[in-house]
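Worksheet for the structure shown next.
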Amino acid sequence: MTDDSIIYKDQSYKIIGACMAVHRELGCGFLEAVYQEALEEEFKCRNIPYVREESMAIFYKGKVLHKKYIADFICYHGIIVEIKALSELNSVHKSQLINYLKVTKLKLGLLVNFGQGSLESKRVINKN
782 MTDDSIIYKD QSYKIIGACM AVHRELGCGF LEAVYQEALE EEFKCRNIPY
832 VREESMAIFY KGKVLHKKYI ADFICYHGII VEIKALSELN SVHKSQLINY
882 LKVTKLKLGL LVNFGQGSLE SKRVINKN
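Mapping of the sequence shown onto the working numbering: residues 782 to 909, in sequence order.
See below:
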């Protein structure tokens, strides 16, 4: 994959930069909600367009389910940012984000973990 073929390259870079700034300031050890609020402030400072806690319908066999998916953030009208504050990420967290991408039909998700000494982030692509 060439550097030019990376989807939302510049936008992803800006989002991860904002996450790094929050992690530098707060470190690890807080609840997910604290990082979410701090990240919202950082997005505002950096003029990153976002929607916080957007409720999205989930369909099953053409019918809307009562349970909704609530995204931590959707940035640039197309990137899901899923925040965690865990000692480690595992395949379940990535699978969760893949399902969110399928439901929303968005192409890119960023899984960001503030729960370690260094910020951990993963790009997840919706291949459907």
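The beta-carbon is built from N, C-alpha and C at its ideal position, and this holds for glycine as well.
The three-state reading of DSSP puts Cys809 in coil, since its state is none of H, G, I, E or B. For Ser902, the closest alpha carbon among the candidates Val832, Lys908 and Leu878 is that of Leu878.
Excluding five sequence positions before and after His804, the CB atoms of its chain that fall closer than 6 Å to its own CB belong to Phe895 and Leu900, given in chain order.
Cα atoms of Tyr841 and Asn828: separation of roughly 36 Å, rounded to the nearest angstrom.
In the displayed model, Asn880 falls within a helix according to three-state DSSP. A straight line joining the alpha-carbon of Cys809 with that of Gln817 spans about 13 Å. Burial state of Cys856 is buried, judged by a 10 Å Cβ sphere holding 16 or more other Cβ atoms.
The Cβ atoms of Val893 and Ile860 do not sit closer than 7 Å to each other. As computed with DSSP, Ile861 is found in a beta bridge with Ile855 and Gly890.
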